[in-house]
Amino acid sequence: PAIGGPFKLYDTENNVVTESKLRGNWTLMYFGYTSSPDVGPKEVEKIADVVKLLESKYDIKIKPLFITLDPQRDSPAQLKAYLSEFDPRITGLTGSVDAIRQMAQEYRIFFKKVGEVGQDYIVESSHNMYLLDPCLETVRCFGAEYKASDLAEAITTEIQKASNSAAK
Amino acid sequence: GAIMADVLSKGRESCYKARDAFYACVEKHADKKPTEIATMGLLFPADCKKSRAQYVSSCRPSWVRHFDRQHCAKKRVQRLLDGDDDGRGPMSLPQPYTFKQ
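Chains as they are written, first to last, in full-length UniProt numbering: chain V, 1 to 168; chain U, 1 to 101.
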């Protein structure tokens, strides 16, 4: 079964963003939340490093995307404050609980609130990053064990592979 | 709506700093008797009460529980790797005379 599907969310400027907005660009997609104690910040830092590395070393531009698994606490403003500290190029998406749940399901992302005490909780999830091609096909899935340099290399390989087969 | 500033960079750094200071204290006083109760089964000596208070006030309760849990898991693995020379591990097997014939 294919990974992915349609979605309707909001970016940090409160603009509507659907899957069609991703067409035409390679997307690096990560599902996280701003209240992540440790893994989240490291993964977002990695995304920022990968984007910079791809640009400087390989002259490749990809679109980094952060989708929150915690729409109840992660407002557009919260996402903007959080992501801008890493790299302003990272687009943040949030939306209704149902819209987020639907997108997570389409992208096979498990997530669950843990240790809830009122509004204070951790969200357990798989910290996978997806690479989507310009046709919205999920071509790679990267776990947290990938370093930024390895990610950049793998992404470059995929992009080159795609342009090679397109040239045929 | 309101911004949760405590999870932004500055907030995270001050939490990590207080957290690391607390666990360093626990390591430093590993030989002392742990009389205080943290969370997730973690105990610590009275020497670290002050750094614990600082840690708890610098981090969200859910973060404190998360890091306490992580710390306990790490220590468990460390104990397994270091071996059970000092007999603080699992109970030794029952001696032959334990069972009545």
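Idealized CB from N, CA, C, for every residue including glycine.
(request) Compare the C-beta of residue 79 (chain U) against all C-beta atoms of chain V and say whether one is closer than 8 Å. (result) no
(message) Between which two residues does the alpha helix (DSSP H) holding residue 22 (chain U) run?
(response) 9 to 28
(message) Which residue marks the beginning of the beta strand (DSSP E) containing residue 67 (chain V), and which one marks its end?
(response) 63 to 68
(request) Would you verify that the beta carbon of residue 57 (chain U) is, or is not, closer than 8 Å to some beta carbon of chain V? (result) no
(message) Against chain V, with Cβ distances strictly below 8 Å, would residue 26 (chain U) count as a contact?
(response) no
(request) Using beta-carbon positions only, say whether residue 28 (chain V) and residue 149 (chain V) come within less than 8 Å of one another. (result) no
(request) Specify the secondary structure class of residue 4 (chain U) as computed by DSSP and reduced to three states. (result) coil
(message) Residues of the region 101 to 124 of chain V in Cβ contact with chain U at a cutoff of 9 Å, in chain order, please.
(response) 114, 115, 116, 117, 120, 121, 122
(message) Contact defined as beta carbons within less than 8 Å: I believe residue 104 (chain V) pairs with residue 39 (chain V). What is the distance between those atoms, to the nearest angstrom?
(response) With 8 Å as the limit, residue 104 (chain V) and residue 39 (chain V) do not qualify as a contact, their Cβ atoms being about 17 Å apart.
(request) Specify whether the region 32 to 51 of chain V and the region 40 to 57 of chain U touch according to this definition: at least 3 beta carbon pairs, one from each stretch, less than 8 Å apart. (result) no
(message) Quick check: the region 131 to 140 of chain V against the region 42 to 58 of chain V, are at least 3 beta-carbon pairs closer than 8 Å?
(response) no
(message) Distance cutoff 8 Å, beta carbons only. Does residue 60 (chain U) sit that close to anything in chain V?
(response) yes
(message) Please classify residue 74 (chain V) as buried or exposed, where buried requires at least 16 other C-beta atoms within 10 Å of its C-beta.
(response) buried
(message) For a test of the three-state rule: what should DSSP assign to residue 103 (chain V), helix, strand or coil?
(response) helix
(message) Can you tell me whether residue 159 (chain V) is buried or exposed? The criterion is at least 16 other CB atoms within 10 Å of its CB, across all chains shown.
(response) buried
(message) Can you confirm whether residue 111 (chain U), when its beta carbon is compared against all beta carbons of chain V, has any partner nearer than 8 Å?
(response) Residue 111 (chain U) lies beyond the residue range present for chain U, which begins at 1 and ends at 101; the question has no answer from this structure.
(message) Per DSSP, what are the beta-bridge partners of residue 117 (chain V) in this structure?
(response) V:120
(message) For residue 61 (chain V) and residue 26 (chain V), I'd like the C-alpha separation in whole angstroms.
(response) 8 Å
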